[in-house]
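**Student:** Chains as they are written, first to last, in the numbering used here: chain A, 1 to 168; chain B, 169 to 336. Cβ coordinates follow ideal geometry from the N, Cα and C atoms, glycine included.
Number of protein chains: 2
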Amino acid sequence: MELLEARQKFIEAWGKLGSEWGINRTMAQVHALLLISPDALTTEEIMEQLSISRGNANMTLRDLIGWGLIEKQHRPGERKEYFFADKDVWNIARQVAKERRKRELEPVIKILDELSKVKGDEKDPSYRTFNKSITDINKLAKNVDKTFETMLKADESWFWGSILKVFK
Amino acid sequence: MELLEARQKFIEAWGKLGSEWGINRTMAQVHALLLISPDALTTEEIMEQLSISRGNANMTLRDLIGWGLIEKQHRPGERKEYFFADKDVWNIARQVAKERRKRELEPVIKILDELSKVKGDEKDPSYRTFNKSITDINKLAKNVDKTFETMLKADESWFWGSILKVFK
DNA sequence: AATTTCTTTCACAAAATTTTGAAAGTTCGA
DNA sequence: TCGAACTTTCAAAATTTTGTGAAAGAAATT
Chain A
1 MELLEARQKF
11 IEAWGKLGSE
21 WGINRTMAQV
31 HALLLISPDA
41 LTTEEIMEQL
51 SISRGNANMT
61 LRDLIGWGLI
71 EKQHRPGERK
81 EYFFADKDVW
91 NIARQVAKER
101 RKRELEPVIK
111 ILDELSKVKG
121 DEKDPSYRTF
131 NKSITDINKL
141 AKNVDKTFET
151 MLKADESWFW
161 GSILKVFK
Chain B
169 MELLEARQKF
179 IEAWGKLGSE
189 WGINRTMAQV
199 HALLLISPDA
209 LTTEEIMEQL
219 SISRGNANMT
229 LRDLIGWGLI
239 EKQHRPGERK
249 EYFFADKDVW
259 NIARQVAKER
269 RKRELEPVIK
279 ILDELSKVKG
289 DEKDPSYRTF
299 NKSITDINKL
309 AKNVDKTFET
319 MLKADESWFW
329 GSILKVFK
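#1: Please compile the residues from chain B whose C-beta is within a distance smaller than 7 Å of the C-beta of A/Phe10.
#2: Should B/Leu320 be labelled buried (16 or more other beta-carbon atoms within 10 Å of its own) or exposed?
#3: Just to confirm, is the Cβ distance from B/Leu201 to B/Ile179 under 8 Å?
#4: Considering only C-alpha positions, which residue in the set A/Ser19, A/Ile23, A/Met27, A/Ser37 is nearest to A/Arg7?
#5: When you check each C-beta in the stretch 63-75 of chain A against every C-beta of chain B, which residues fall closer than 9 Å?
#6: On the DSSP letters alone, give me the boundaries of the beta strand (DSSP E) that A/Glu81 sits inside.
#7: Mind checking the stretch 28-44 of chain A against chain B and listing, in chain order, the residues whose C-beta falls within less than 8 Å of any C-beta there?
#8: For A/Ser157, which of A/Trp67, A/Asp86, A/Trp90, A/Ala141 has the nearest alpha-carbon?
#9: Between the alpha carbons of B/Lys266 and B/Thr211, how many angstroms are there, rounded?
#10: Quick check on the burial criterion: 16 or more other C-beta atoms within 10 angstroms. Buried or exposed for A/Leu4?
#11: Is the CB of A/Met1 under 8 Å away from at least one CB in chain B?
#12: By DSSP, does A/Leu61 sit in helix, in strand, or in coil?
#13: I believe B/Leu237 touches B/Ile260 by the beta-carbon criterion, under 8 Å. Please report the beta-carbon distance rounded to the nearest angstrom.
#14: Measuring alpha carbon to alpha carbon, tell me which of A/Trp160, A/Gly66, A/Leu105, A/Arg54 ends up nearest A/Asp145.
#15: Can you grab the Cα-Cα spacing for the pair A/Leu112 / A/Thr135, in whole Å?
#16: Using the C-alpha atoms, what's the distance from B/Arg222 back to A/Gly15?
#17: Pick out whichever of A/Leu140, A/Lys117, A/Lys142 has its Cα sitting closest to the Cα of A/Phe130.
#18: Output, in chain order, the set of chain B residues within a Cβ distance shorter than 7 Å of A/Glu20.
#19: Is A/Ala93 close to chain B, meaning its C-beta is less than 8 Å from at least one C-beta of that chain?
#20: Helix, strand or coil for B/Ile238 per DSSP?
#21: Applying a beta-carbon distance threshold of less than 7 Å, which residues of chain B neighbour A/Arg7?
#22: How big is the Cα-Cα spacing for A/Arg100 and A/Leu64?
#23: Tell me whether B/Gly186 is buried or exposed, calling it buried when 16 or more other Cβ atoms sit within 10 Å of its Cβ.
#24: Using CA coordinates, which residue listed in B/Lys291, B/Leu209, B/Lys287, B/Leu283 is at the minimum distance from B/Phe251?
#25: Using a cut-off of 8 Å between C-beta atoms, extract the partners of B/Lys137 located in chain A.
#26: For B/Thr194, which residues in the same chain have their Cβ closer than 8 Å to its Cβ, ignoring the five residues on either side in sequence?
#27: Does A/Glu48 pass the burial test, meaning 16 or more other C-beta atoms within 10 Å, or should it be called exposed?
#28: Between A/Gly161 and A/Val108, what straight-line distance do the alpha-carbon atoms span, to the nearest angstrom?
#29: For B/Val198, tell me which candidate among B/Ile331, B/Ala322, B/Lys278, B/Ala253 has the shortest Cα-Cα distance.
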């Protein structure tokens, strides 16, 4: 396989994976492109390589910055903005975990906490089932949350070292 | 908060969470409804409680069976089918992990393995960056895959016991 | 202050996904 | 074999999500 074909395949695969996990396909593709680009790229270059519009490129780049996955770079004597992706996959994983935790897991935990407090008739099967499911899900969610938190604090070698020891 | 309101809130929250993680909103809602229902429900009852069409209910229920999250039940003397959800959240988590691993993670790992094999000029920064990113992502993906695998084999208390020991 | 260069915005268009509902299919009992 | 009860299918409609492009905005240069 040629490098150019391989790059294209990676961009497609990354985009597909992203969309399956609730991340906009284009955003994942722009991220993929920057991941395999040695140098920072301009909006123009990204638009051209992925055949997307200026508006789309701009918004997507801004979102990626919001996710902490890429950064703007400036070059002395140039007005254009360049975009560059952190290439450390451990950082990427942590950053995604951090954002999704904040945006999606935490709001759900907040609701589950509220729902856990709902009182009802212990003799009512409807209440008992509701309460048991909510309580159990809440516990699991909090364990996941805790795991994320630890992952965010941990450094890579420590994290995988510990995990792999458990799973040996 | 009243039980009925709380049930409604849970169904909405579960649906929203699902859609944020790439799972059809209605599917998550049907699952939520069955999770808090003490008894198995008919298609009719599900249609009514969630205000969805027969076609939608039927397809969604079939999908949920495909995910291994609910099962059909039959009652002696009745033609109707009843649907019942496993209430064990650990089983649910494992089942979802199992399916997503098979459907999404494995295909990506297959592609990454191929892409890892692509040869190129070690002096070409474009090749070097591509190769490093692919290799690193592949390693992470395989670690995640391994973690899933262990999770699928493990029983709950062992799993969390081990994790929490690591994270103490 | 006018021009050039680049970035951002946003109403609208296009595409992708989800839902509907009616017809076709199936199963079983009379 | 007929028909009632129930399930499945799928083309079309509705909805949601994503993308476009032209215009407006901003910043540096002349």
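**Tutor:** Judging by the given coordinates:
#1: Correct list: Leu283, Ile302.
#2: It is exposed - the Cβ of B/Leu320 has fewer than 16 other Cβ atoms within 10 Å.
#3: Yes, the pair counts as a contact, with Cβ atoms nearer than the cut-off.
#4: Scanning A/Ser19, A/Ile23, A/Met27, A/Ser37 for the CA closest to the CA of A/Arg7 turns up A/Ser37.
#5: Within the stretch 63-75 of chain A, not one residue has a Cβ closer than 9 Å to any Cβ of chain B.
#6: Start and end: 81-85.
#7: Residues Leu35, Ile36, Ser37, Pro38, Asp39.
#8: A/Ser157 has its Cα closest to that of A/Trp90, out of A/Trp67, A/Asp86, A/Trp90, A/Ala141.
#9: Each residue's Cα considered, the two are about 26 Å apart.
#10: Within 10 angstroms of the beta-carbon of A/Leu4 lie fewer than 16 other beta-carbons, which makes it exposed.
#11: Answer yes: the Cβ-Cβ gap between A/Met1 and chain B drops below 8 Å somewhere.
#12: Here A/Leu61 sits in helix by DSSP.
#13: Between the beta-carbon of B/Leu237 and that of B/Ile260 there is about 6 Å, and that keeps the pair under the 8 Å contact cut.
#14: When C-alpha distances from A/Asp145 are compared across A/Trp160, A/Gly66, A/Leu105, A/Arg54, the shortest belongs to A/Leu105.
#15: Inter-residue distance for A/Leu112 and A/Thr135 is about 8 Å (C-alpha atoms, whole angstroms).
#16: Near 33 Å, if we compare the C-alpha coordinates of B/Arg222 and A/Gly15.
#17: The residue with the shortest Cα to Cα distance from A/Phe130 is A/Lys117.
#18: Residues of chain B with a Cβ closer than 7 Å to the Cβ of A/Glu20 are, in chain order, Gly190, Glu272.
#19: Taking 8 Å as the CB threshold, A/Ala93 lines the interface with chain B.
#20: Look at B/Ile238 here: in three-state DSSP terms it is strand.
#21: Residues of chain B whose Cβ lies closer than 7 Å to the Cβ of A/Arg7 are, in chain order, Phe298.
#22: Approximately 13 Å between the Cα atoms of the pair.
#23: It is buried - the Cβ of B/Gly186 has at least 16 other Cβ atoms within 10 Å.
#24: Of B/Lys291, B/Leu209, B/Lys287, B/Leu283, the smallest CA-CA separation from B/Phe251 is found for B/Leu209.
#25: Missing from the structure shown is residue 137 of chain B; chain B here goes from 169 to 336 and no further.
#26: For B/Thr194, where only same-chain residues beyond five positions count, the Cβ hits under 8 Å are Gly183, Leu218, Ile220, Asn224, Thr228.
#27: It is exposed - the Cβ of A/Glu48 has fewer than 16 other Cβ atoms within 10 Å.
#28: So the alpha carbons of these two residues sit roughly 30 Å apart.
#29: Answer by Cα proximity: B/Ala253.
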